[in-house]
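**Student:** Chains as they are written, first to last, in my numbering: chain A, 13 to 260; chain B, 1339 to 1499. All C-beta atoms, glycine included, are put in the ideal place defined by N, C-alpha and C.
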Amino acid sequence: MWKWLHPYANPEVSYHFTGKLIPWFSKLTFVLLTIGIIWALLFVPADYQQGNSFRIFYLHVPAAMLSMGIYVGMAIAALSSLVWQIKLADASAAAMAPVGAVMTAIALFTGAAWGRPTWGTWWIWDARLTSELILLFLYLGVIALHNAFEDKTLAGKAAGILSLVGVVNIPIIKYSVEWWNTLHQGSTVSKLGAPSMSSEMYWPFLVCLLGFVCFISWVICIRFRNEVLARNAMRPWVRDYVKNVEVR
Amino acid sequence: MNPRRKKRLTIVLSVLAGIGLIIGLVLYALSQNIDLFYTPYEVVHGKDDTGVKPTIGQRIRVGGLVVAGSVKRDEDSLKVQFDLTNKGEIMTIKYDGILPDLFREGQGIIANGSLIDQTVLEASEVLAKHDENYMPKEIADSLGEGHEAPKYSDEQLEKGY
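(1) If distances are taken between C-alpha atoms only, which option among Glu1476(B), Val1350(B), Leu1354(B) and Leu1459(B) comes closest to Ile1428(B)?
(2) Give the range of the beta strand (DSSP E) segment to which Ala1466(B) is assigned.
(3) Mind listing the chain B neighbours of Val84(A)? Cutoff is C-beta to C-beta under 9 Å, in chain order.
(4) Below 8 Å CB to CB, which residues in the same chain sit around Trp135(A) once its five sequence neighbours on both sides are set aside?
(5) Closest to Ala1367(B) by CA distance: which of Ala206(A), Ser199(A) and Trp192(A) is it?
(6) Would DSSP call Ser1452(B) helix, strand or coil?
(7) Against Phe265(A), what residues of chain B qualify as contacts under a CB-to-CB distance less than 7 Å, listed in chain order?
(8) Are the beta-carbon atoms of Tyr70(A) and Ala52(A) separated by less than 8 Å?
(9) Quick one, are the C-beta atoms of Leu1374(B) and Arg1399(B) less than 8 Å apart?
(10) Using a Cβ-Cβ distance under 8 Å, would Leu1363(B) count as near chain A?
(11) Does Trp14(A) come within less than 8 Å of chain C when only Cβ atoms are used?
(12) Output, in sequence order along the chain, the residues in the region 186 to 208 of chain A whose CB is closer than 7 Å to any CB in chain B.
(13) Name, please, each residue of chain B whose Cβ falls closer than 8 Å to the Cβ of Pro57(A).
(14) Between Ser210(A) and chain B, is any beta-carbon pair separated by less than 8 Å?
(15) Against Lys1467(B), what residues of chain A qualify as contacts under a CB-to-CB distance less than 8 Å, listed in chain order?
(16) Could you name each continuous alpha helix (DSSP H) segment of 4 residues or more that falls completely within the region 21 to 81 of chain A, going from the start of the chain to the end?
(17) Using C-beta distances below 6 Å, list every residue in its chain close to Leu148(A), excluding the 5 sequence neighbours before and after it, in chain order.
(18) At the level of alpha carbons, what is the spacing between Ile68(A) and Asp59(A)?
(19) Please compile the residues from chain B whose C-beta is within a distance smaller than 9 Å of the C-beta of Met213(A).
(20) Please classify Glu162(A): does DSSP put it in a helix, a strand, or coil?
(21) Expressed to the nearest angstrom, what Euclidean distance is found between the alpha-carbon atoms of Leu40(A) and Asn64(A)?
(22) Below 8 Å between beta carbons is the criterion; list the residues of the region 1390 to 1415 of chain B that meet it against any residue of chain A, in chain order.
(23) So if DSSP puts Phe1420(B) in a beta bridge, which residue, or which two residues, is it bridged to?
(24) Under 8 Å Cβ to Cβ from Val1350(B), same chain only, skipping five residues before and after it: list those, please.
(25) Verify the CB distance criterion: does Val6(A) have a CB-CB separation below 8 Å to chain B?
(26) For Lys164(A) versus Arg235(A), is the C-beta spacing smaller than 8 Å?
(27) Is Pro74(A) closer than 8 Å to Glu212(A) when the C-beta atoms are compared?
(28) Excluding five sequence neighbours on each side, which residues of the same chain lie with their C-beta closer than 6 Å to the C-beta of Val201(A)?
(29) To the nearest whole angstrom, what separates the beta carbons of Asn1424(B) and Gly1402(B), a pair I think is in contact under 8 Å?
(30) If we count the other Cβ atoms within 10 Å of its Cβ and call it buried at 16 or more, is Gly1407(B) buried or exposed?
(31) Alpha carbons only, please: which of Pro1392(B), Arg1342(B), Leu1440(B) and Ala1355(B) is nearest the one belonging to Val180(A)?
(32) Which residues of chain A have a Cβ atom closer than 7 Å to the Cβ of Asp1439(B), listed in chain order?
(33) Helix, strand or coil for Lys1410(B), going by three-state DSSP, please let me know.
(34) Mapping DSSP to helix, strand and coil, what is Ile1360(B)?
(35) Relative to the C-alpha of Arg237(A), which candidate in His18(A), Met108(A), Ala87(A) and Tyr83(A) has its C-alpha closest?
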């Protein structure tokens, strides 16, 4: 069943495959984010209560969704690395961690900037905000463990265990606003059911979300390729590749 | 799957299940404390499953909807008094300070302060809770949810509050 996947466990094949994806992701990112941000900032009508400050929604929500999404991706990579001992899975987990940390930081920062005028406070220790902050610390821990060992296999194992343990935080973040009384409001957009916003506000959000997805895929591909090269520096294929690459 | 991989998978999954169980139990045990606020109904009748009521003098947060027509402003200072309601119970909030922009009648509000009487809270901080609904002004107007800014006296506006 998984036969088609097997060639991609080879570093060389994966390296060239992600290299082909990068130009597509970069072009899509520019197109989608330009359309999405201009649409969201200039043409979407202001909210009836918050006025223009609601527009931060178009950065905050995609960043927050992806901070959790990347974490799940990283945990799946960690699981396959621990169980099937695929070395490339470690490289991809190491590539994803900093990107996820940045997305978490963006979500926390934009949330604080929006909370000040809307709620009246930058920060409050409610369940949603606190669990998202814990997610940032988990990311930082995973990054630190990846860099703490000279031996990359050992580092991958340690970081993988932490990312798997931390995965219990993801449902807590997602459902915190339903399980407890929080200052943070419930989800406006979710995968099931209609969004709690009018369609003229919803469409630019989808464009921005897709733009963010392409952006992180682009950055993760670049980081993944660097990890693969660094981890296989002694292999003949890397030497041949580096010798023949054009210097620009 | 070969036996070694199967063993590793079993170990990883059982560790995960164990941690999930522990965290679940911890959160369940803490569930009352993770709630950010009491609702007026909970202040009067106690929390749903434990029946814990706040005592007078305790610092708590109370969250509810501002009762229409209950907002009384002092003309000479920033002192303001209003009622919060939820499930038919009403609490009075006294506050001396600047209210958030979203404050208005019918809005969800969280007040942080100490309980000076069974249903009176002296707040040191008032936060507006926003709901998950976003809509343009035209749609809100057609639904009859137009936003009214809080009314300040001329003196307060002069002072720049």
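**Tutor:** Taking the structure as given:
(1) For the purposes of this step, residue 1428(B) is taken as the residue at position 90 of the second sequence. Comparing alpha carbon positions, the residue from Glu1476(B), Val1350(B), Leu1354(B) and Leu1459(B) closest to Ile1428(B) is Leu1459(B).
(2) Locating residue 1466(B) in the second sequence gives position 128, counting from the first residue. Where Ala1466(B) is concerned, the enclosing beta strand (DSSP E) starts and stops at Val1458 to Lys1467.
(3) Position 72 of the first sequence, counting from 1, holds the residue named residue 84(A). Near Val84(A) there are no residues of chain B at all, since even the closest Cβ is about 13 Å away, more than 9 Å.
(4) As a working mapping, residue 135(A) is identified with position 123 in the first sequence. Excluding positions up to five away in sequence, the list reads Ala124, Gly127 and Leu141.
(5) Reading the second sequence from its first residue, position 29 is the one you call residue 1367(B). The option with the nearest alpha carbon to Ala1367(B) is Trp192(A).
(6) Sequence index remark: in the second sequence, residue 1452(B) carries index 114 (1-based). It is a strand residue.
(7) Because chain A spans 13 through 260 in this model, residue 265(A) falls outside it and cannot be assessed.
(8) Here the question's residue 70(A) lines up with position 58 in the first sequence. Here the question's residue 52(A) lines up with position 40 in the first sequence. Yes, they are a contact pair.
(9) Numbered from its first residue, the second sequence carries residue 1374(B) at position 36. Numbered from its first residue, the second sequence carries residue 1399(B) at position 61. Yes; because the gap between Cβ atoms is below 8 Å, this pair is in contact.
(10) As a position in the second sequence, residue 1363(B) is number 25, starting the count at 1. Contact of Leu1363(B) with chain A is not assigned, every C-beta pair being separated by 8 Å or more.
(11) Included in the structure are the protein chains A and B, with no chain C among them.
(12) Sequence-ordered contacts of the region 186 to 208 of chain A with chain B read Trp192, Asn193, Thr194, Leu195, Gln197, Gly198, Ser199, Thr200 and Ser208 [C-beta pairs closer than 7 Å].
(13) As a first step, residue 57(A) is located in the first sequence; it is residue number 45 there, counting from the start. Going along chain B in sequence order, the residues near Pro57(A) (Cβ under 8 Å) are Pro1474, Lys1475 and Glu1476.
(14) In the first sequence, residue 210(A) corresponds to position 198, counting from 1. Closer than 8 Å: yes.
(15) In the second sequence, the residue the question calls residue 1467(B) occupies position 129. Neighbours of Lys1467(B) in chain A, taken as residues whose beta carbon is under 8 Å from its own, are Trp131, Leu195 and Gln197 in chain order.
(16) Within the region 21 to 81 of chain A, the complete alpha helix (DSSP H) runs of at least 4 residues are 23 to 50.
(17) Here residue 148(A) corresponds to residue number 136 of the first sequence, with the count starting at 1. Closer than 6 Å at Cβ, skipping near neighbours: Thr116.
(18) By one-based count along the first sequence, residue 68(A) stands at place 56. By one-based count along the first sequence, residue 59(A) stands at place 47. Answer to the nearest angstrom: the Cα atoms are 11 Å apart.
(19) For the purposes of this step, residue 213(A) is taken as residue 201 along the first sequence, with counting starting at 1. In chain order: Tyr1472, Met1473 and Pro1474.
(20) The count along the first sequence starts at 1 and reaches residue 162(A) at position 150. Coil, per DSSP.
(21) As a working note, residue 40(A) is residue 28 in the first sequence. As a working note, residue 64(A) is residue 52 in the first sequence. Each residue's Cα considered, the two are about 27 Å apart.
(22) The region 1390 to 1415 of chain B vs chain A, Cβ under 8 Å: Gly1401.
(23) Counting from one through the second sequence, the residue named residue 1420(B) turns up at place 82. BP columns for Phe1420(B) point to Ile1431(B).
(24) If you number the second sequence from 1, residue 1350(B) lands on position 12. Closer than 8 Å at Cβ, skipping near neighbours: no residue.
(25) One cannot answer for residue 6(A) here, as it falls past the ends of chain A, which runs 13 to 260.
(26) Position 152 of the first sequence holds residue 164(A). Position 223 of the first sequence holds residue 235(A). Going by C-beta atoms, Lys164(A) is not nearer than 8 Å to Arg235(A).
(27) Here residue 212(A) refers to the residue found at position 200 of the first sequence. Here residue 74(A) refers to the residue found at position 62 of the first sequence. No, these two residues do not count as a Cβ contact at 8 Å.
(28) Reading the first sequence from its first residue, position 189 is the one you call residue 201(A). The answer, listed in chain order, is Pro207.
(29) As a position in the second sequence, residue 1424(B) is number 86, starting the count at 1. As a position in the second sequence, residue 1402(B) is number 64, starting the count at 1. The beta carbons of Asn1424(B) and Gly1402(B) sit about 4 Å from each other, so the pair counts as a contact at 8 Å.
(30) If you number the second sequence from 1, residue 1407(B) lands on position 69. The residue is exposed, with fewer than 16 neighbouring Cβ atoms inside 10 Å.
(31) Walking along the first sequence from the start, residue 180(A) turns up at place 168. In terms of CA proximity to Val180(A), Ala1355(B) leads the group Pro1392(B), Arg1342(B), Leu1440(B) and Ala1355(B).
(32) Position 101 of the second sequence holds residue 1439(B). Those are Pro129, listed as they occur along chain A.
(33) Your numbering for residue 1410(B) matches position 72 in the second sequence. In the structure shown, the three-state DSSP call for Lys1410(B) is strand.
(34) Numbered from 1 along the second sequence, position 22 holds the residue referred to as residue 1360(B). Three-state DSSP puts Ile1360(B) in a helix.
(35) Here residue 237(A) refers to the residue found at position 225 when the first sequence is read from its first residue. The residue with the shortest Cα to Cα distance from Arg237(A) is Met108(A).
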